[in-house]
Each structure stands twice: as C-alpha cells, then as structure tokens.
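**Student:** For what it's worth, the numbering used here labels the leading residue of the sequence shown as 167, then goes sequentially.
Quick one: the structure is below, questions incoming.
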Amino acid sequence: MDRRVRFAVDVSPASTSEASLGPITPPQYTRCLVPTQDASMSMPSFAASLASTANSSTSLNKSQFHPALMKPTYDFDVSIHPLNNRSICSNVELQKELNSSMAEIPICHITLQSRHLPWRITISTERYYLTASDVLVGIYNNLRTRASKAEFDMQSRRKQDEISVAFHDRLERRTPPELREQERLKGLRRVDFLPHTALRFGGLEIGKGSDPEIAGENGREAVPHNEYHGVGDTPAAVPTLGGWFAFKYQPQWKAIPASDTKACRGDALPLIHIHEASPLSSPSISFSQLSLLPTPYRLHHTLVNPIFDFDVSIHPLDNPSICNLELQKESVTEPPTRSITLESNHLPWPITVSTERYYLTVFDLLVGIYNNLRTPAKEEEFARESREKQDKIASAYYDRWERRTPSEFREQERCKGLRRVDFLPQTTLRFNGLEKAKGSDTWVMQLRQ
C-alpha cells in the first residue's frame, strides 16, 4: 500500500482532563455556515471575543450560542467541579442540554479571560466540537492550575491579602476535613485570585466593544466594575451545596470585539507555572510520584472484568453502555489515587491519566485513554516503525477519517493528521481490562476484537 499519511503541524499532547456530563448531542444547524474550528472569547468580568478562522469569516452573534451559556438557569460555582454540582447532576434533562454543541457553528477551541486573572483560560477538545459542559469543566480545570510565588508577588498588597483570605477560606471552610491537609500541600491555585463574591457563573454576553480592564496605572489592579447581577433583573438566591459556601450574586460576563487582541494576548505578566512550596510547609507530592508510591492498589471491578463495551477510538460520552453506568463518581483504585500509568503492547508510549480532583474516577480513566490516543503522532515516530507496521498505520488512518467519521467532519479530521490511536491494530480497539505489569508499577491495557 502506498497511501501517504498526513501529520499535524502543531503537535501537542491531548488533554486528559475529566469529561463532560453525559452523551453528546449533535449540533443543530439552522443556518448554512461552514464549520469553524476556532473561537476566542474573554469573560468579566469574564468577557469574550470571537475570532474568525480560515474556514469562516462569519462572526457569531448572541443567538448562535447555547442558551445555557448565555442565560444559565442552573447554579455553577466555578470553584466546584460540575460533576459535584447537585443542580446539574440531579437534572438529567439539563445534562443532555449541556452536552450539545456550545454554538450553532462547531467550535473546537475557545479562549477566556478575566480582569481578575493574569492568565487566559484556554479550552479545547479533540472531538468534533466543544459542548456547553466542556466549557464549564474547562473553566474549573483551568482555575485549579497552580499559581506560583512570582505570580503572587506581582499583585498589589491589597490583592495579595484578598488572595490569602481566599486560599485559607478554600482550605478551612470549602474542603472536607479529611482532605484539608492534602489540599493545603497543593498550594495556591488560580481560583484564589478570584473575588469570593464572583465565583458564580452568570452567563456569557456579547458586549459592544469595551476593552475589559486587566490592570490599572503603574501595574496595579484596576478597580473592578460594580456589575454583579443575578439571573434576571434582581440578584438571585443560590442554594447551599452540602456544606460548601454559596454566594448570592453572580458576575455579568461580557465580550470584547474579535479585532481587539490586546486583552487576549495575556502578556501583561509572565506566565510561570512552577509550584514553589513555602519553606515552612511540607514538600508536596506530584501526581507522577503518587502513582509510584508502594501502595497495594486494588482495581475497580469494572476495570478487571469490564461489563461495558468500550471502543477506545470513540469518546466514552458517545457510548450509551458507559454513560448509563454509575462510573463518574467511583474511584479507579482502593485506596483512591489521582494518577495512573498504563502501557500497551501495541504502543511505544505510556498512557498517563491524572486529575486535579480528590481522586481519579473510572470514567476519568476511560476519557483519559481516549484523549491520550487522540494525541497527534510525529513523523519521526511513524518512521521508526517497520514497513509492514507503517502500512497498517496508514490503513488505520484512512479508515478512521474516511469510514469512521461523519461526512461533514471528514475533511477536518483528515487535516488533523495521524493520531496515536492509528498505531493500534484495527481488529483490537475494544477495552478488555487492566492487568498489573510484572516488576513495574504500571498497568497493562488489554484490548480485544
């Protein structure tokens, strides 16, 4: 076979973050628009701007966004994972609604920005488009990113005091007692930079071109706009979530024009992603170290003898046999772990899946396997394989985008290039459980026809 494969230009690891909330719903096209792969938004104080892409010069308007993102009727505290949100998880119809496309035009990438934060929030997906729940989960995951001491020192004295109060409040009053020490060792998070009165998602609103204030004169924090509103004309009361603080007001999120990139560059402050433990505190343990601790882990029974049919080339959210099971809250191992490393006899790379929540769930693991296998493969990785293996990989690549992808997304999928999943034999794509690797702390992923 002499069919050439295409390689992605920008090769970066796929996200292994936790999944959305339920089966995905295809987008409803009410206008004849070419699918868009990119959008850039910013929020006010989270506000947004939409950037046109090479595929489409059409700008999105307010009516083209998912109504659940424009006028939310649910309660979402951005410091709490959506899967732990009672108002979302207890409403099956709302979950289905949130798992439809976030816009009428498919968007695979979105960038958010807050005047309270010196960082951008970037959310992307390896599926055909972002869903509304992808946006909510992406906001939470990004705000759980560690903040460095240098980033803290750049803030004004007043802002530092507010951040410190938010940090201790999160530990002492918003974290279960048995997990407080573990949370303390993780250190400062980006969510601590948000005012505690602006933690409720109030929806997105397309603005009229005002540039959100990111910093005032002399690098000091700008005075925040007093624009905190509830859903509707009056502030909305929010129910308490099982011992977690619930605040009464919600921020109004606005937009900036697509042509104005000043607020979206995020270059006002350097981006430093180094966790620096205080000399007075115990050293923290990284997720990779946690997976190597000599603890006798016991796997969840569904990972030893799977009772579901999981094709690793298809997102678990598109698999009814998985979504119907109670796997989103059950731990992968006993005792719980936040990281696990897998290997396969068919792949030259390990698969590492981790979480920023308190433990890794079975559903997180399945989504992590899918996301990892969607990572673009490099040309040199392909070249290292034998000629026979290269032919099989090329055949799998063409089969994936020509026969296993909906017709309207085939060209988009072809342009994304070769993926790690193409290195797997096409006759063994179904998950068949995990086995402990001999003489190693990793697990071997078994596949079947």
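Each residue gets a CB set at the ideal place from its N, CA and C atoms; glycine is no exception.
Pick out the complete beta strand (DSSP E) segments inside the stretch 280 to 309, 3 residues or longer, and give them in chain order.
**Tutor:** As far as the stretch 280 to 309 is concerned, its whole beta strand (DSSP E) runs of at least 3 residues are 286 to 290.
**Student:** So, residue 559 versus residue 530, is the Cβ gap smaller than 8 Å?
**Tutor:** Result no, Cβ atoms of residue 559 and residue 530 do not sit closer than 8 Å.
**Student:** Kindly indicate which three-state DSSP category residue 239 falls into: helix, strand or coil?
**Tutor:** Reduced to three states, the DSSP call for residue 239 is coil.
**Student:** Since residue 500 sits in a beta bridge, which residues does DSSP pair it with?
**Tutor:** In the DSSP output, where bridge partners are listed per residue, residue 500 has 464.
**Student:** Does the stretch 505 to 514 come close enough to the stretch 604 to 613 to have 3 or more Cβ pairs within less than 8 Å?
**Tutor:** A contact exists between the stretch 505 to 514 and the stretch 604 to 613.
**Student:** Can residue 345 and residue 231 be called in contact, C-beta distance under 8 Å?
**Tutor:** Cβ distance not < 8 Å, so residue 345 and residue 231 don't count as in contact.
**Student:** Pull up the distance between the alpha-carbon of residue 170 and that of residue 470, whole angstroms please.
**Tutor:** Rounded to the nearest angstrom, the two C-alpha atoms are 38 Å apart.
**Student:** Compare the beta carbon distance of residue 303 and residue 248 with 8 Å and say whether it is the shorter of the two.
**Tutor:** Against a cut-off of 8 Å, the Cβ pair of residue 248 and residue 303 comes out as a contact.
**Student:** Should residue 500 be labelled buried (16 or more other beta-carbon atoms within 10 Å of its own) or exposed?
**Tutor:** Result: exposed.
**Student:** Tell me the rounded alpha-carbon separation between residue 417 and residue 493.
**Tutor:** Note that residue 417 has pLDDT 35, beneath the 50 cutoff, so the model's placement of it is unreliable and the number below is only indicative. Going by the C-alpha atoms only, they are around 33 Å apart.
**Student:** Please report the straight-line C-alpha distance between residue 554 and residue 548, rounded to a whole angstrom.
**Tutor:** Taking the straight line from one Cα to the other gives about 12 Å.
**Student:** Could you check how far apart the C-beta atoms of residue 351 and residue 313 are, in whole angstroms? I think they sit under 8 Å.
**Tutor:** Actually they are not in contact, since the Cβ atoms of residue 351 and residue 313 sit about 15 Å apart, beyond 8 Å.
**Student:** Pull up the CB-CB distance for residue 579 and residue 567, whole angstroms please, since I reckon it's below 8 Å.
**Tutor:** About 4 Å separates the two Cβ atoms, so the contact holds.
**Student:** Bridge partners for residue 312 per DSSP, in chain order?
**Tutor:** Its beta-bridge partners are 355.
**Student:** Helix, strand or coil: how does DSSP classify residue 597 here?
**Tutor:** Strand at residue 597.
**Student:** Distance check for residue 283 and residue 380, CA to CA, integer angstroms please.
**Tutor:** Any reading at residue 380 must be qualified, since the residue scores a pLDDT of 25, below 50, and its modelled position is unreliable; no value is offered.
**Student:** Can you look up residue 334 in the DSSP assignment and give me helix, strand or coil?
**Tutor:** Residue 334: helix per DSSP, three-state reduction.
**Student:** Expressed to the nearest angstrom, what Euclidean distance is found between the alpha-carbon atoms of residue 228 and residue 593?
**Tutor:** Taking the straight line from one Cα to the other gives about 45 Å.
**Student:** Are the beta-carbon atoms of residue 243 and residue 337 separated by less than 8 Å?
**Tutor:** No, they are not a contact pair.
**Student:** Roughly how far, in whole angstroms, is the beta-carbon of residue 533 from the beta-carbon of residue 482, given that I think they are within contact range, below 8 Å?
**Tutor:** Between residue 482 and residue 533 the Cβ distance is about 6 Å, and since that is below 8 Å, they are a contact.
**Student:** Give the list of continuous beta strand (DSSP E) stretches no shorter than 3 residues that lie fully inside the stretch 466 to 546.
**Tutor:** Here the runs fully enclosed are 505 to 509, 517 to 520.
**Student:** Do you know offhand how far residue 526's Cα is from residue 600's?
**Tutor:** Looking at the two C-alpha atoms, the distance is approximately 15 Å.
**Student:** May I ask you to report which of helix, strand or coil DSSP gives residue 278?
**Tutor:** Strand, per DSSP.
**Student:** Write down the C-beta distance between residue 485 and residue 517 rounded to the nearest angstrom, noting that I regard them as a contact closer than 8 Å.
**Tutor:** In fact, because the Cβ distance is near 18 Å, the residues do not count as touching under 8 Å.
**Student:** Residue range of the alpha helix (DSSP H) that residue 258 falls in?
**Tutor:** Run containing residue 258: 258 to 264, per the alpha helix (DSSP H) assignment.
**Student:** On a CA-only basis, which of 563, 269, 495 is nearest residue 295? Give me that one, please.
**Tutor:** With distances taken between Cα atoms, residue 295 lies closest to 269.
**Student:** With distances taken between CB atoms, is the gap from residue 253 to residue 298 smaller than 8 Å?
**Tutor:** Going by C-beta atoms, residue 253 is not nearer than 8 Å to residue 298.
**Student:** Suppose contacts are defined by Cβ-Cβ distances below 8 Å. Is residue 614 in contact with residue 596 by that definition?
**Tutor:** Going by C-beta atoms, residue 614 is nearer than 8 Å to residue 596.
**Student:** Going along the chain, which residues of its own chain have a beta-carbon closer than 6 Å to the beta-carbon of residue 497, five neighbours each way excluded?
**Tutor:** Correct list, in chain order: 525.
**Student:** Going straight from the alpha carbon of residue 360 to that of residue 473, what length do you get?
**Tutor:** The alpha-carbon atoms of residue 360 and residue 473 are separated by roughly 43 Å.
**Student:** Under a Cβ-count criterion, where at least 16 other Cβ atoms within 10 Å of its own Cβ denotes burial, should residue 319 be classed as buried or exposed?
**Tutor:** Result: exposed.
**Student:** Is the separation between the beta-carbon of residue 357 and that of residue 309 shorter than 8 Å?
**Tutor:** In this structure, residue 309 lies closer than 8 Å to residue 357 by Cβ.
**Student:** With respect to the beta strand (DSSP E) encompassing residue 585, which residues constitute its N-terminal and C-terminal limits?
**Tutor:** No beta strand (DSSP E) holds residue 585; DSSP gives it neither H nor E.
**Student:** Would you tell me roughly how many angstroms separate the C-alpha atoms of residue 477 and residue 571, rounded to the nearest one?
**Tutor:** For residue 477 and residue 571, the distance between alpha carbons rounds to 14 Å.
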